[in-house]
Amino acid sequence: MQLRKGKKINTKKLLLGLAKITGIVLIAVYIASCMFIDSVDVPPSAPANTNTDFVMHIRIRPNASNTSKLVIGFMAPKGWNAGENTTVSFTSNGGNGTMERMPAGTICPSANGADWPNALKTKFGIGGNLIDDVEWIIFQSVNSYSVGSSTSIDAAVKITSKTGSENMLVKLGFFSGNSADGLSVGINGVPTYSSFISSCFQVTDGDGDVVDFCNPQLAFIEPAKALDNDIITLTFDNGVISTPLENVNDIYLCVKAITNDGGNIEVCERTSKTKFKPTNGGRFRADFWPRGFFNVPEGKTLVRLEYFVTNADGSIKVGYGGSTTQPFLYTFKCN
Amino acid sequence: MYMRLLKIIPKSVRMLTVALTVLLMAQLSCKKENTAIPGEPEKKITGTWHVVKLLRNKIDLSAYMDLSGFSIEFKEDGTYTITNQLPFIVNKPGTWTLDDPLRPFSISFQPTGGTAVSSNFNYPVVKGKRQMILVFSPGCTKNAYEYTLQQ
């Protein structure tokens, strides 16, 4: 075979090369994406402590025969305890079915040995929320399903989850995939799974001030749920709104802790103990163990913090919403 | 010379010599090799341990917390003491035990006057130094802390 003068082609080598390429393409087709989330019905809001439906509309378009279980992930605030308060089922032109919790510790394929919740947390983070207090709950279909390359399935997956007791604004996460492919990506770069992050969903008529996962906060504490025997991180986002401290880099914490007997312990000094450390993007943080920080006597617990952020001489202080009189508040609780 | 000598020796003797040699080699080759596995050494955790890494919900807080003051001493008599508290699995001195001294998977603490608690126990060697990794939740149960201790 001669394509061009002076360029003699070895036919055997060419055929072998073509066979190799065909093989690679076939492998790519086999593991190419076949799962798409077209949309998710998320109501704009729901009352606290109420079962709420979220419906995922997915398309399954396998490129080769495959037998696996449908896997659905739901990212919700930890306070919802969604693992205990969520049910999932689906209807489709290929049949209907129910789903069950993925057994704890089940390894997600193509995710460096991580189990499913951790694999999705690593892959999708906290889904655009600003507070790291959400978790992925994983479900799998009770039955395995065999699909052929010509199969075309449209499914509606209904997730019914009970909202938590707190007022909040939060982005919810949705994932669909299959148990065999996990987080694998075809060599054509197309994932075998699909994900969707909602816009801000609001929980109303609940307890306390709105916990806002969606919008930047001037100050917030992580974890959102903690007790005085946790380590908490207090972040001051200097610059999210204009305050008298916006160009100040030497800032300190002035805080009053309310104890369970109604008393209080105040720490309002400008020392290394209360000094914030700069982090990225104009943010400052202070990490401490409340029981140690306030030297809480045995038998007492802390129920709430009221705090201001101050400059080095204490002449400027900033509280909730930039106020100089209203402190930021934080309540110690687990649910 | 060698070939001539061979010709002098009767064939039957030569055959017998070869057979004996093969038998001897077989005997030597069948001698049982010493394959006994050395005994698993007991995991010694006695001594004073300091926190070198602290994760909260898998986020590393080591750079933001003063870990230098905390230490826990495991003593030969089965007791432990804690210095300069951090939120830890226990907050009072007491006694400790491993579930298996040779291959421990968990460590239990019995604080004096308190309730016994236990943690999964990991005991890797990192950069030539023995470490002890404990995971526990001293506050809300959904907040998991992973302390890496080193002597």
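Those protein sequences? They're chains A and B, same order as listed.
All residue numbers for the first sequence refer to the working numbering, where the first residue is 202 and numbers rise by one.
All residue numbers for the second sequence refer to the working numbering, where the first residue is 14 and numbers rise by one.
Glycine is no exception: its CB is placed at the ideal position from the N, C-alpha and C atoms.
Closer than 7 angstroms to chain D by CB, residue i
i	result
P54(B)	In summary, chain D is missing from the structure at hand, where the protein chains are A and B.
DSSP three-state assignment for residue i, whether helix, strand or coil
i	result
Q135(B)	The displayed chain sequence assigns Asn, not Gln, to residue 135(B). Correct three-state label for N135(B): strand.
A320(A)	helix
P248(A)	strand
R492(A)	helix
F421(A)	strand
G107(B)	strand
K476(A)	strand
G522(A)	helix
G280(A)	helix
S101(B)	The identity of residue 101(B) in the sequence shown is Phe, whereas the question assumes Ser. If DSSP states are grouped into helix, strand and coil, F101(B) belongs with coil.
F325(A)	helix
M78(B)	coil
Q123(B)	strand
I442(A)	coil
V391(A)	coil
C-alpha distance - residue i paired with residue j, whole-angstrom precision
i	j	result
G523(A)	S443(A)	8 angstroms
M236(A)	C309(A)	16 angstroms
S311(A)	K324(A)	11 angstroms
A356(A)	E367(A)	32 angstroms
I466(A)	F495(A)	7 angstroms
G374(A)	G407(A)	22 angstroms
L454(A)	D382(A)	49 angstroms
I428(A)	D462(A)	Correcting the residue type first, residue 428(A) is Leu in the shown sequence and not Ile. The straight-line gap from Cα to Cα measures roughly 16 angstroms.
T480(A)	P245(A)	34 angstroms
V510(A)	G440(A)	13 angstroms
L111(B)	F134(B)	9 angstroms
Y158(B)	I433(A)	12 angstroms
L446(A)	I459(A)	26 angstroms
Distance CB(residue i)-CB(residue j) smaller than 7 angstroms
i	j	result
F414(A)	I360(A)	no
N156(B)	P424(A)	yes
V243(A)	S399(A)	yes
L435(A)	A513(A)	no
F529(A)	G520(A)	yes
F118(B)	S132(B)	no
V343(A)	E301(A)	yes
W109(B)	F101(B)	no
L74(B)	V64(B)	no
P248(A)	T405(A)	yes
Y508(A)	V468(A)	no
7 angstroms Cβ cut-off: residues of chain A touching residue i
i	result
K57(B)	Those within 7 angstroms of K57(B) in chain A number zero; the least Cβ separation is about 30 angstroms.
Closer than 7 angstroms at the beta carbon, the chain B residues around residue i
i	result
N430(A)	P100, P151, G152
W490(A)	L99, P100
K279(A)	K155
K270(A)	Neighbours of K270(A) on chain B: none; closest Cβ ~27 angstroms, over 7 angstroms.
Beta-carbon neighbours of residue i, restricted to chain B and to distances below 9 angstroms
i	result
P424(A)	R69, N70, G152, C153, K155, N156
G440(A)	Within chain B, no residue comes near G440(A); the closest Cβ sits about 20 angstroms away, beyond 9 angstroms.
Proximal residues of chain A, C-beta to C-beta of residue i below 9 angstroms
i	result
M78(B)	I432, D488, F489, W490
Within chain B, the residues that residue i reaches when beta carbons sit closer than 8 angstroms
i	result
A420(A)	Ordered by position in chain B, no residue passes the 8 angstroms Cβ test against A420(A), which lies about 16 angstroms from the chain.
Touch test, the segment 348-355 of chain A against the segment 313-320 of chain A, Cβ-Cβ under 8 angstroms, three pairs minimum: no
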